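Asks: Protein chains in written order, with the working numbering: chain F, 77 to 474; chain Z, 6 to 378. Glycine residues also receive a C-beta, built at the ideal position from the N, C-alpha and C atoms. Please read all numbers here as calculations on a predicted model, not as lab measurements. Structure incoming, see below.
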Amino acid sequence: MDFRLPAENDPRRAVVRKWLSEHPKPSGRQLAEAGYTVPHWPKPWGVAAEPELQFIIDEEMGRAGVMPPNLINPVAVNNCAQTLLSHGTDAQHERFLMPALACEEIWCMLFSEPAGGSDLAALRTTARRDGDHYVVKGQKTWTSLAHKAQIGVLIARTDTAAPKHAGLSAFLMDMKSPGVTVRPIIDLSGCKNEYNEVFLDDVRVPADRLLGKEGEGWRIATSQLQTERVALSKPGAIWGAGPSARDLVNGLAVSGHLSDPVVRDEAAKIFIEGELLRLLAYRALSDRMNAKPSGPEGAIRKMLAAPHGQHIVEMAKKVQGPRGMIAGEQPFPSQVGSGKGMFADWDYAFWFSPAVTLGVGTQEILKNIVAERTLGLPRENDPTAKLPWTEINRAKSA
Amino acid sequence: MNFLLDEDHLALKQSAAVFLDKEIVLDALLKPGASVDQANYRGNWEKIAAMGWTGITVPESYGGLGLSCVDVAMVLGEMGRTLAPSPFLGNLIGTWALLRLGTEEQKQRILPAVAAGTARLALAVGDAAGDVADHSRELGAERSAQGFLLKGARAFAIDAAGADWLIVDAHNAETGRRGFFLVDTKSDDLTVDIMNWRDLTRQVCDVRLNGCVGEELAPLTPADWAWVRDRILFALAAECAAGTQQILSMTAEYAKERVAFGKPIGSYQAIKHSLADMLGQAECANVAVLYAAWALSEEAPQASLAAAMAKAFAADAYVDCTHRSIQIFGAIGFTWEMKNHLYLKRAHANAELFGNSRAHRSRVIDLAQQAAA
Ligand SMILES: Cc1cc2nc3c(=O)[nH]c(=O)nc-3n(C[C@H](O)[C@H](O)[C@H](O)COP(=O)(O)OP(=O)(O)OC[C@H]3O[C@@H](n4cnc5c(N)ncnc54)[C@H](O)[C@@H]3O)c2cc1C
Numbered sequence: 077m078d079f080r081l082p083a084e085n086d087p088r089r090a091v092v093r094k095w096l097s098e099h100p101k102p103s104g105r106q107l108a109e110a111g112y113t114v115p116h117w118p119k120p121w122g123v124a125a126e127p128e129l130q131f132i133i134d135e136e137m138g139r140a141g142v143m144p145p146n147l148i149n150p151v152a153v154n155n156c157a158q159t160l161l162s163h164g165t166d167a168q169h170e171r172f173l174m175p176a177l178a179c180e181e182i183w184c185m186l187f188s189e190p191a192g193g194s195d196l197a198a199l200r201t202t203a204r205r206d207g208d209h210y211v212v213k214g215q216k217t218w219t220s221l222a223h224k225a226q227i228g229v230l231i232a233r234t235d236t237a238a239p240k241h242a243g244l245s246a247f248l249m250d251m252k253s254p255g256v257t258v259r260p261i262i263d264l265s266g267c268k269n270e271y272n273e274v275f276l277d278d279v280r281v282p283a284d285r286l287l288g289k290e291g292e293g294w295r296i297a298t299s300q301l302q303t304e305r306v307a308l309s310k311p312g313a314i315w316g317a318g319p320s321a322r323d324l325v326n327g328l329a330v331s332g333h334l335s336d337p338v339v340r341d342e343a344a345k346i347f348i349e350g351e352l353l354r355l356l357a358y359r360a361l362s363d364r365m366n367a368k369p370s371g372p373e374g375a376i377r378k379m380l381a382a383p384h385g386q387h388i389v390e391m392a393k394k395v396q397g398p399r400g401m402i403a404g405e406q407p408f409p410s411q412v413g414s415g416k417g418m419f420a421d422w423d424y425a426f427w428f429s430p431a432v433t434l435g436v437g438t439q440e441i442l443k444n445i446v447a448e449r450t451l452g453l454p455r456e457n458d459p460t461a462k463l464p465w466t467e468i469n470r471a472k473s474a
Numbered sequence: 006m007n008f009l010l011d012e013d014h015l016a017l018k019q020s021a022a023v024f025l026d027k028e029i030v031l032d033a034l035l036k037p038g039a040s041v042d043q044a045n046y047r048g049n050w051e052k053i054a055a056m057g058w059t060g061i062t063v064p065e066s067y068g069g070l071g072l073s074c075v076d077v078a079m080v081l082g083e084m085g086r087t088l089a090p091s092p093f094l095g096n097l098i099g100t101w102a103l104l105r106l107g108t109e110e111q112k113q114r115i116l117p118a119v120a121a122g123t124a125r126l127a128l129a130v131g132d133a134a135g136d137v138a139d140h141s142r143e144l145g146a147e148r149s150a151q152g153f154l155l156k157g158a159r160a161f162a163i164d165a166a167g168a169d170w171l172i173v174d175a176h177n178a179e180t181g182r183r184g185f186f187l188v189d190t191k192s193d194d195l196t197v198d199i200m201n202w203r204d205l206t207r208q209v210c211d212v213r214l215n216g217c218v219g220e221e222l223a224p225l226t227p228a229d230w231a232w233v234r235d236r237i238l239f240a241l242a243a244e245c246a247a248g249t250q251q252i253l254s255m256t257a258e259y260a261k262e263r264v265a266f267g268k269p270i271g272s273y274q275a276i277k278h279s280l281a282d283m284l285g286q287a288e289c290a291n292v293a294v295l296y297a298a299w300a301l302s303e304e305a306p307q308a309s310l311a312a313a314m315a316k317a318f319a320a321d322a323y324v325d326c327t328h329r330s331i332q333i334f335g336a337i338g339f340t341w342e343m344k345n346h347l348y349l350k351r352a353h354a355n356a357e358l359f360g361n362s363r364a365h366r367s368r369v370i371d372l373a374q375q376a377a378a
């Protein structure tokens with residue numbers, strides 16, 4: 077056992093630094109072609125980096141101020157591309173992987189529906205085979221990035237006679253296809269286009285866009301959600317990005333609040349949580365090699381990381397007092413914080429934070445998963461699980 | 006960078022588990038009215054001595070096993086899991102103190118006997134309020150012809166009863182500073198009483214020194230006490246983390262078996278989610294302890310921070326999870342005859358010994374800022 081992180085003079089850093097000096101402002105394509113977008117993937121997509129090298133690359137990229145591709149194209153880089161790698165055909169790899177990793181084609185995840193959130197397999201969107209196409213009909217919702225996306229990873233029902241989980245299939249759908257309508261949903265932060273609803277009116281999807289086989293949709297969807305849980309469980313407040321507990325303690329030190337014993341104690345609790353989550357994340361790095369989806373450890377860390385993130389931004393907001401209720405007001409001088417992108421904004425991160433215990437599995441669903449898979453407690457009873465899909469709906473409308 | 010345990014560590018943990026599962030029987034403590042006198046303290050210690058663990062951290066040059074804190078975490082974890090009543094912890098703490106604070110001559114005189122299991126050490130540094138910081142003057146040391154005469158008291162001394170040598174800290178009248186002294190417990194001017202401590206699996210003691218002679222230990226630097234303290238915090242945390250894991254397992258098993266309203270209680274989400282929360286705490290406590298064990302083994306600069314985090318987190322997790330366990334067991338969990346209360350009491354007791362979680366969290370803030378600077 078050795079908790080030592082790679083040293084500053086580690087020769088592997090030199091390779092990355094040299095590349096960065098030759099590519100001072102790397103494009104998405106340059107990063108992807110160098111294998112730095114998904115370093116842990118096998119070649120040619122990644123550099124087959126073991127966890128330590130992966131850590132070094134992440135760290136060096138961060139220091140060089142490179143915007144991480146997994147924040148630009150999170151759906152592709154963090155999850156769906158991995159399932160494409162394991163379930164897709166060679167032709168699909170050829171067509172989709174590089175543009176996705178290069179962040180030239182943004183992806184979105186068309187899973188949730190008005191009638192299928194936590195109970196995803198209850199979704200109603202259908203994909204009916206018609207010659208060499210599928211015809212897709214239904215509505216998706218809460219789709220992050222749909223307004224920017226070229227590619228939507230769609231879960232739809234191809235067999236309405238099968239039980240709810242068995243009748244699902246996964247597709248790589250072109251978001252510019254006729255019949256796709258994207259409408260923004262304004263979230264409580266007031267930020268436009270965080271997520272969207274997507275209407276699918278007889279959208280024709282070529283049959284070669286089926287991912288895996290018909291009926292494998294549930295397996296593909298759950299493995300994607302699991303890889304996402306791993307990806308999201310870094311100690312930053314919002315989906316692993318955003319301010320961290322270390323930033324919080326630095327901020328409170330600068331603002332003088334650490335002399336208040338109550339603030340000090342709360343801040344220390346949050347700091348410790350953050351450090352332990354960091355250690356758990358390092359430990360999980362070893363499972364992340366070769367696009368291997370993780371087991372329940374990912375769910376455990378998401379279960380811990382999401383409320384931890386909320387604690388960070390709540391504490392920062394609390395010390396602001398009434399000033400914190402002024403839109404856009406920051407708790408600390410702007411130099412405090414390692415957050416990236418829009419989550420570098422403490423005020424926005426606070427107002428966004430209720431979402432982190434909802435998206436990608438609500439806290440309740442995660443606790444069910446953890447208790448069932450890790451502790452072997454009885455599974456939740458779903459009276460609709462074994463019925464043919466058509467009968468469930470008949471029972472409901474009756 | 007490799008955050009997993011090596012084969013050797015796992016093997017050590019496994020052998021400790023097999024041994025303790027076989028030897029540790031807590032039945033006598035589960036009879037109402039039982040006290041620590043029924044804990045088989047001496048009998049367990051003899052068996053532990055036969056395993057060679059009396060000298061687990063004594064360097065090989067003094068006849069011990071010379072194991073690292075990561076190894077110690079394996080054994081201590083199993084001790085914590087089984088609650089193993091014995092002076093293992095007190096002797097371990099005393100050994101660390103002598104290793105760091107003793108002179109070479111003292112170490113050569115005492116450590117081989119400790120390793121052989123023929124002498125036992127303990128540390129007595131708490132004042133009447135349980136404070137272990139260095140400003141306590143409840144015990145004073147004055148130089149005399151025979152050596153230093155120690156007058157006063159120490160409390161909350163783990164396993165002082167039955168120890169052959171005590172290491173105490175005292176206010177040295179000559180220097181006006183804290184000093185550490187070695188006391189032979191055969192002295193007539195010393196009394197040790199086992200306190201009426203709630204944790205029935207542990208002997209925590211009052212020590213009264215009525216002018217007994219103490220040998221001065223090596224001159225002290227501030228880093229010396231920190232070295233000993235960090236190891237004590239780690240040891241208590243290791244017991245807490247393993248106890249948390251154990252109470253989680255016991256409670257999850259019970260939740261699968263106990264039926265109410267026609268279903269196992271573990272199918273109700275209030276129970277399920279509480280167990281998931283316990284699991285999260287157990288995971289974090291475990292990684293906190295391993296990190297501290299590693300940092301101490303390596304004498305890494307973040308060792309004090311890691312030890313403080315581990316003690317604060319693991320103790321709180323243990324207290325919370327033992328409480329939840331009793332709720333999930335229901336009324337049976339509230340009886341003397343079940344083990345739950347032994348764990349609950351160990352959790353609360355460990356949380357209070359050597360500084361509570363709040364105190365350590367306050368230190369965490371300072372240490373984190375030093376580390377960041
Ligand atoms: C910011 C954000 C971005 C998102 N992005 C996407 C995206 O890009 N693509 C996508 O497909 N989806 C996305 N989602 C949707 C997300 O996956 C769903 O919100 C989530 O699965 C929960 O579904 P729901 O909102 O319908 O809540 P519901 O399933 O209706 O749940 C409501 C409440 O009931 C509880 N509940 C439900 N079932 C159980 C149960 N069995 N036991 C206990 N409690 C239960 C839930 O925990 C919750 O508290 C996003 C959500 C958010 C907030």
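For H278 (chain Z), does the three-state DSSP call read helix, strand or coil?
Replies: Taking the second sequence and counting its residues from 1, the one referred to as residue 278 (chain Z) is at position 273. Here H278 (chain Z) sits in helix by DSSP.
Asks: How would you write the range of the beta strand (DSSP E) that G417 (chain F) sits in, first residue to last?
Replies: Residue numbering aside, residue 417 (chain F) sits at position 341 when the first sequence is read from its first letter. Note, G417 (chain F): premise wrong, no beta strand (DSSP E); not H, not E.
Asks: Can you find a C-beta in chain Z that's less than 8 Å from the C-beta of Y424 (chain F)?
Replies: If you number the first sequence from 1, residue 424 (chain F) lands on position 348. Answer no: the Cβ-Cβ gap between Y424 (chain F) and chain Z never drops below 8 Å.
Asks: Could you have a look at S302 (chain Z) and say whether DSSP puts it in helix, strand or coil?
Replies: As a working mapping, residue 302 (chain Z) is identified with position 297 in the second sequence. Looking at S302 (chain Z) - three-state DSSP - the assignment turns out to be helix.
Asks: Quick one, which of F:E181, F:G288, F:W95 has its alpha-carbon nearest H223 (chain F)'s?
Replies: For this step, residue 223 (chain F) is matched to residue 147 along the first sequence. Of the candidates F:E181, F:G288, F:W95, the one whose C-alpha sits nearest the C-alpha of H223 (chain F) is F:E181.
Asks: Taking a cut of 8 Å between CB atoms, which residues from the stretch 324-355 of chain F lie near chain Z?
Replies: V325, N326, A329, L334, P337, R340, D341, A343, A344, K345, F347, I348, E349, E351, L352, L353, L355
Asks: Taking only the alpha-carbon atoms, compute the straight-line gap between G360 (chain Z) and R377 (chain F) and give it to the nearest angstrom.
Replies: Indexing the second sequence from 1 puts residue 360 (chain Z) at position 355. Indexing the first sequence from 1 puts residue 377 (chain F) at position 301. Cα to Cα, the separation comes out at about 29 Å.
Asks: What in chain Z is Cβ-close to I513 (chain F), meaning under 8 Å?
Replies: Missing from the structure shown is residue 513 (chain F); chain F here goes from 77 to 474 and no further.
Asks: Looking at E440 (chain F) and ligand 1, is the gap between the Cβ and the nearest heavy atom below 7 Å?
Replies: Counting from 1 along the first sequence, the entry for residue 440 (chain F) is found at position 364. Yes, ligand 1 has a heavy atom inside 7 Å of this Cβ.
Asks: Kindly indicate which residue of F:L451, F:I133, F:V330, F:Y210 has the alpha-carbon position closest to the one of K261 (chain Z).
Replies: Along the second sequence, read from residue 1 onward, the residue named residue 261 (chain Z) stands at position 256. With respect to the C-alpha of K261 (chain Z), the residue from F:L451, F:I133, F:V330, F:Y210 having the closest C-alpha is F:L451.
Asks: Span of the alpha helix (DSSP H) holding Q406 (chain F)?
Replies: Along the first sequence, one-based indexing puts residue 406 (chain F) at 330. From DSSP, Q406 (chain F) is part of no alpha helix (DSSP H); its letter is neither H nor E.
Asks: What residues from the stretch 207-222 of chain F come within 8 Å of chain Z, judged by C-beta to C-beta, listed N to C?
Replies: none
Asks: Starting from the C-beta of A308 (chain Z), find all residues in its chain whose C-beta is less than 8 Å away, skip the five residues before and the five after it, and write them out in chain order.
Replies: As a position in the second sequence, residue 308 (chain Z) is number 303, starting the count at 1. Here the set comprises D235, A297, A300, L301.
Asks: Could you tell me the distance, in whole angstroms, from the CA atom of A317 (chain F) to the CA atom of L248 (chain F)?
Replies: Indexing the first sequence from 1 puts residue 317 (chain F) at position 241. Indexing the first sequence from 1 puts residue 248 (chain F) at position 172. Each residue's alpha carbon lies about 27 Å from the other.
Asks: To which residues of the same chain is A475 (chain F) closer than 6 Å at the C-beta, ignoring the five residues directly before and after it?
Replies: Beyond the ends of chain F as shown, which are 77 and 474, falls residue 475 (chain F); an answer cannot be given.
Asks: Output the distance between the C-alpha atoms of W294 (chain F) and F428 (chain F), rounded to the nearest integer angstrom.
Replies: By one-based count along the first sequence, residue 294 (chain F) stands at place 218. By one-based count along the first sequence, residue 428 (chain F) stands at place 352. Rounded to whole angstroms, W294 (chain F) to F428 (chain F) spans 29 Å at the Cα level.
Asks: Spell out whether any CB of chain F is found under 8 Å from the CB atom of H4 (chain Z).
Replies: No answer is possible for residue 4 (chain Z): the residues shown for chain Z start at 6 and end at 378.
Asks: From this set, Z:A158, Z:Q375, Z:I98, Z:E147, which residue's C-alpha is nearest L310 (chain Z)'s C-alpha?
Replies: As a working note, residue 310 (chain Z) is residue 305 in the second sequence. Measuring from the Cα of L310 (chain Z), the nearest candidate turns out to be Z:Q375.
Asks: Using a beta-carbon distance cut-off of less than 7 Å, what residues from the stretch 219-249 of chain F approach chain Z?
Replies: Residues of the stretch 219-249 of chain F whose Cβ lies closer than 7 Å to any Cβ of chain Z: none.
Asks: Can you check whether the CB of A138 (chain Z) is closer than 8 Å to the CB of Q171 (chain Z)?
Replies: The sequence position of residue 171 (chain Z) within the second sequence is 166, counting from 1. The sequence position of residue 138 (chain Z) within the second sequence is 133, counting from 1. According to the sequence provided, residue 171 (chain Z) is Leu. The question's Gln does not apply to it. Their beta carbons are not under 8 Å apart, which means L171 (chain Z) does not touch A138 (chain Z) by this criterion.
Asks: Could you tell me which chain F residues have their CB closer than 7 Å to the CB of F318 (chain Z), listed as they occur along the chain?
Replies: Sequence index remark: in the second sequence, residue 318 (chain Z) carries index 313 (1-based). When 7 Å is used as the limit between beta carbons, F318 (chain Z) is near these residues of chain F: I348, L352, in chain order.
Asks: Helix, strand or coil for D86 (chain F)? Go by DSSP, reduced to three states.
Replies: Position 10 of the first sequence, counting from 1, holds the residue named residue 86 (chain F). Collapsing the DSSP output to three states places D86 (chain F) in coil.
Asks: Three-state secondary structure (DSSP) at Q215 (chain F)?
Replies: For the purposes of this step, residue 215 (chain F) is taken as residue 139 along the first sequence, with counting starting at 1. Reduced to three states, the DSSP call for Q215 (chain F) is strand.
Asks: Any residues in the stretch 423-454 of chain F with a beta carbon nearer than 9 Å to a beta carbon of chain Z? Which ones, in chain order?
Replies: The residues in question are Q439, E440, L442, K443, N444, I445, V446, A447, E448, T450, L451, G452, L453, P454.
Asks: Could you confirm whether any beta carbon from chain F is found closer than 8 Å to the beta carbon of V75 (chain Z)?
Replies: Walking along the second sequence from the start, residue 75 (chain Z) turns up at place 70. Output row for V75 (chain Z): interface = yes.
Asks: Check whether chain Z comes within 8 Å of Y271 (chain F), counting only Cβ atoms and requiring the distance to be less than that.
Replies: The count along the first sequence starts at 1 and reaches residue 271 (chain F) at position 195. Output row for Y271 (chain F): interface = no.
Asks: I'd like to know whether the C-beta of I370 (chain Z) is nearer than 8 Å to at least one C-beta of chain F.
Replies: Counted from its first residue, the second sequence places residue 370 (chain Z) at position 365. True, the Cβ-Cβ gap to chain F drops below 8 Å.
Asks: By the criterion of Cβ-Cβ separation under 7 Å, what are the contact partners of L96 (chain F) in chain Z?
Replies: Start at 1 with the first residue of the first sequence, and residue 96 (chain F) comes out as number 20. The contacting residues do not exist; L96 (chain F) stays about 21 Å from chain Z at best.
Asks: What did DSSP end up calling G193 (chain F) once you bin it into helix, strand or coil?
Replies: Position 117 of the first sequence, counted from the start, is the residue given in the question as residue 193 (chain F). The answer is coil: DSSP assigns G193 (chain F) none of H, G, I, E or B.
Asks: In angstroms, rounded to a whole number, what distance separates the CA positions of R322 (chain F) and G266 (chain F)?
Replies: Start at 1 with the first residue of the first sequence, and residue 322 (chain F) comes out as number 246. Start at 1 with the first residue of the first sequence, and residue 266 (chain F) comes out as number 190. Each residue's Cα considered, the two are about 28 Å apart.
Asks: Around the C-beta of T327 (chain Z), are 16 or more other C-beta atoms found within 10 angstroms, so that it is buried, or is it exposed?
Replies: As a first step, residue 327 (chain Z) must be located in the second sequence, where it is residue number 322. Classification of T327 (chain Z): buried, given that the 10 Å Cβ count is 16 or more.
Asks: Is K344 (chain Z) closer than 8 Å to L104 (chain Z) when the C-beta atoms are compared?
Replies: By one-based count along the second sequence, residue 104 (chain Z) stands at place 99. By one-based count along the second sequence, residue 344 (chain Z) stands at place 339. No.
Asks: Under 6 Å Cβ to Cβ from V279 (chain F), same chain only, skipping five residues before and after it: list those, please.
Replies: Sequence index remark: in the first sequence, residue 279 (chain F) carries index 203 (1-based). Excluding five sequence positions before and after V279 (chain F), the CB atoms of its chain that fall closer than 6 Å to its own CB belong to V212, S253, G255, V256, given in chain order.
Asks: With a CB to CB cut of under 6 Å and the five nearest residues on each side skipped, what residues in its chain are close to E179 (chain Z)?
Replies: Numbered from its first residue, the second sequence carries residue 179 (chain Z) at position 174. Correct list, in chain order: R148.
Asks: So who's on the other strand from L104 (chain Z), going by DSSP bridges?
Replies: Sequence index remark: in the second sequence, residue 104 (chain Z) carries index 99 (1-based). Bridge partners of L104 (chain Z): none, in fact.
Asks: Whole-angstrom Cβ separation of R200 (chain F) and G192 (chain F), contact assumed at under 8 Å?
Replies: Sequence index remark: in the first sequence, residue 200 (chain F) carries index 124 (1-based). Sequence index remark: in the first sequence, residue 192 (chain F) carries index 116 (1-based). Indeed they touch by this definition, with Cβ atoms about 7 Å apart.
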